[in-house]
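S.K.:
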Amino acid sequence: MDAWMIVIAGLAGGTLLSRYYGKLKLRRAGVVEVNVPEAERLVSDDGALVVDVRELGEYREGRIPQARHVPLSEMRQRMRDLERDRPIVVSCRSGRRSAYAGIYLARNGFSHVYNLKGGMNAWTRANRQIER
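Under the numbering used here, read the sequence shown as residues 1 to 132, first letter to last.
(1) Measuring CA to CA, which of Leu82, Ser73, Tyr100, Arg54 is closest to valine 32?
(2) How many Å lie between valine 53 and glutamate 74 at the Cα?
(3) In angstroms with no decimal places, state the Cα-to-Cα distance between arginine 125 and arginine 93.
(4) In the DSSP output, what is serine 98 paired with across the bridge?
(5) Classify arginine 27 as buried or exposed, calling it buried when 16 or more other Cβ atoms lie within 10 Å of its own Cβ.
(6) Nearest to leucine 41 by alpha carbon, out of Ile88, His69, Tyr59, Leu82?
(7) If we ignore side chains and look at the alpha-carbon of each, how far apart do glutamate 55 and glutamine 77 end up?
(8) Where do the N-terminal and C-terminal ends of the beta strand (DSSP E) with asparagine 121 fall, by residue?
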(Lines of atoms letter the chains of each structure in order from A; the text may use other names.)
(Lines give C-alpha, C1' and ligand atoms only; values in the text may rest on other atoms or scores of the structure.)
Protein backbone atom coordinates (compact mmCIF):
# COMPACT_ATOMS: atom_id res chain seq x y z
CA MET A 1 0.00 0.00 0.00
CA ASP A 2 2.79 2.45 0.90
CA ALA A 3 4.49 1.83 -2.45
CA TRP A 4 1.29 2.81 -4.30
CA MET A 5 1.00 5.99 -2.23
CA ILE A 6 4.56 6.90 -3.19
CA VAL A 7 3.84 6.23 -6.88
CA ILE A 8 0.65 8.32 -6.77
CA ALA A 9 2.41 11.15 -4.95
CA GLY A 10 5.23 11.04 -7.51
CA LEU A 11 2.82 11.20 -10.42
CA ALA A 12 0.89 14.08 -8.88
CA GLY A 13 4.12 15.94 -8.17
CA GLY A 14 5.35 15.31 -11.69
CA THR A 15 2.13 16.70 -13.13
CA LEU A 16 2.39 19.84 -11.02
CA LEU A 17 6.05 20.26 -11.92
CA SER A 18 5.23 19.82 -15.60
CA ARG A 19 2.53 22.50 -15.46
CA TYR A 20 4.83 24.89 -13.60
CA TYR A 21 7.63 24.30 -16.10
CA GLY A 22 5.24 24.91 -19.00
CA LYS A 23 4.12 28.25 -17.54
CA LEU A 24 7.73 29.20 -16.90
CA LYS A 25 8.61 28.45 -20.55
CA LEU A 26 5.73 30.66 -21.69
CA ARG A 27 6.85 33.55 -19.49
CA ARG A 28 10.48 33.25 -20.52
CA ALA A 29 9.49 33.32 -24.18
CA GLY A 30 7.35 36.42 -23.61
CA VAL A 31 3.99 34.71 -24.13
CA VAL A 32 1.18 35.87 -21.84
CA GLU A 33 -1.63 33.51 -20.84
CA VAL A 34 -5.06 35.12 -21.06
CA ASN A 35 -8.55 33.99 -20.13
CA VAL A 36 -11.61 34.31 -22.37
CA PRO A 37 -12.64 37.87 -21.38
CA GLU A 38 -9.04 39.06 -21.74
CA ALA A 39 -8.80 37.48 -25.20
CA GLU A 40 -12.04 39.17 -26.25
CA ARG A 41 -10.70 42.52 -25.04
CA LEU A 42 -7.48 42.04 -27.00
CA VAL A 43 -9.50 41.37 -30.16
CA SER A 44 -12.00 44.21 -29.72
CA ASP A 45 -9.74 46.91 -28.25
CA ASP A 46 -6.29 46.08 -29.61
CA GLY A 47 -7.16 44.49 -32.95
CA ALA A 48 -5.61 41.15 -32.02
CA LEU A 49 -5.77 38.30 -34.50
CA VAL A 50 -6.91 34.92 -33.19
CA VAL A 51 -4.81 32.11 -34.67
CA ASP A 52 -6.32 28.63 -34.31
CA VAL A 53 -3.59 25.98 -34.44
CA ARG A 54 -5.84 22.90 -34.38
CA GLU A 55 -6.00 20.47 -37.27
CA LEU A 56 -8.59 21.04 -40.02
CA GLY A 57 -11.20 18.60 -38.71
CA GLU A 58 -11.19 20.25 -35.28
CA TYR A 59 -11.28 23.72 -36.82
CA ARG A 60 -14.32 22.84 -38.95
CA GLU A 61 -16.23 21.64 -35.86
CA GLY A 62 -16.29 25.19 -34.54
CA ARG A 63 -13.93 28.08 -33.91
CA ILE A 64 -13.67 31.53 -32.41
CA PRO A 65 -15.29 33.98 -34.86
CA GLN A 66 -12.87 35.31 -37.48
CA ALA A 67 -10.03 33.08 -36.26
CA ARG A 68 -7.34 32.38 -38.82
CA HIS A 69 -6.51 28.70 -39.27
CA VAL A 70 -2.79 27.94 -39.11
CA PRO A 71 -2.34 24.33 -37.93
CA LEU A 72 0.58 23.81 -35.58
CA SER A 73 1.99 21.33 -38.09
CA GLU A 74 2.21 24.18 -40.66
CA MET A 75 3.27 27.02 -38.35
CA ARG A 76 6.87 27.11 -39.55
CA GLN A 77 5.88 27.55 -43.20
CA ARG A 78 2.90 29.86 -42.64
CA MET A 79 4.04 32.22 -39.90
CA ARG A 80 5.37 34.59 -42.57
CA ASP A 81 1.70 35.27 -43.47
CA LEU A 82 1.16 36.80 -40.00
CA GLU A 83 1.94 40.38 -38.99
CA ARG A 84 4.82 40.38 -36.48
CA ASP A 85 3.71 43.57 -34.69
CA ARG A 86 0.00 42.75 -34.46
CA PRO A 87 -1.18 41.18 -31.19
CA ILE A 88 -1.87 37.47 -31.68
CA VAL A 89 -4.05 35.29 -29.48
CA VAL A 90 -3.18 31.65 -30.14
CA SER A 91 -5.86 29.03 -29.52
CA CYS A 92 -6.27 25.26 -29.74
CA ARG A 93 -8.56 22.75 -28.00
CA SER A 94 -7.09 22.94 -24.50
CA GLY A 95 -4.29 25.52 -24.56
CA ARG A 96 -1.40 23.10 -24.85
CA ARG A 97 -0.66 23.17 -28.61
CA SER A 98 -1.30 26.89 -28.67
CA ALA A 99 1.31 27.32 -25.92
CA TYR A 100 3.89 25.60 -28.14
CA ALA A 101 2.83 27.75 -31.10
CA GLY A 102 3.00 30.90 -28.99
CA ILE A 103 6.52 30.12 -27.83
CA TYR A 104 7.54 29.44 -31.44
CA LEU A 105 6.07 32.74 -32.64
CA ALA A 106 7.67 34.73 -29.81
CA ARG A 107 11.06 33.17 -30.47
CA ASN A 108 10.72 34.13 -34.12
CA GLY A 109 10.18 37.83 -33.59
CA PHE A 110 6.47 38.21 -32.87
CA SER A 111 6.24 40.88 -30.20
CA HIS A 112 2.73 40.51 -28.72
CA VAL A 113 1.77 36.85 -28.32
CA TYR A 114 -0.99 35.59 -26.02
CA ASN A 115 -2.07 32.03 -25.29
CA LEU A 116 -5.77 31.41 -24.65
CA LYS A 117 -5.73 29.48 -21.39
CA GLY A 118 -8.00 26.46 -21.76
CA GLY A 119 -8.40 27.01 -25.51
CA MET A 120 -11.71 26.21 -27.19
CA ASN A 121 -12.74 24.21 -24.13
CA ALA A 122 -12.64 27.42 -22.07
CA TRP A 123 -14.31 29.42 -24.86
CA THR A 124 -17.17 26.92 -25.04
CA ARG A 125 -17.55 26.73 -21.23
CA ALA A 126 -17.83 30.54 -21.20
CA ASN A 127 -20.77 30.24 -23.64
CA ARG A 128 -19.12 32.41 -26.27
CA GLN A 129 -20.15 32.46 -29.92
CA ILE A 130 -18.70 29.75 -32.15
CA GLU A 131 -18.35 30.10 -35.90
CA ARG A 132 -18.81 27.04 -38.10
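Positions of the beta carbon are idealized from the N, C-alpha and C atoms, including for glycine.
A quick note: this is a predicted structure, and the numbers were derived from the prediction, not measured.
M.R.: In short:
(1) Ranked by Cα distance from valine 32, the first of Leu82, Ser73, Tyr100, Arg54 is Tyr100.
(2) One C-alpha to the other measures close to 9 Å.
(3) The straight-line gap separating the alpha-carbon atoms of arginine 125 and arginine 93 is approximately 12 Å.
(4) BP columns for serine 98 are empty, so no partner.
(5) When all chains shown are included, arginine 27 counts as exposed.
(6) The displayed chain sequence assigns arginine, not leucine, to residue 41. Checking every option, the nearest Cα to that of arginine 41 belongs to Ile88.
(7) Whole-angstrom Cα-Cα distance: 15 Å.
(8) For asparagine 121, no beta strand (DSSP E) segment is defined; the enclosing uninterrupted segment is the alpha helix (DSSP H) at 119-125.
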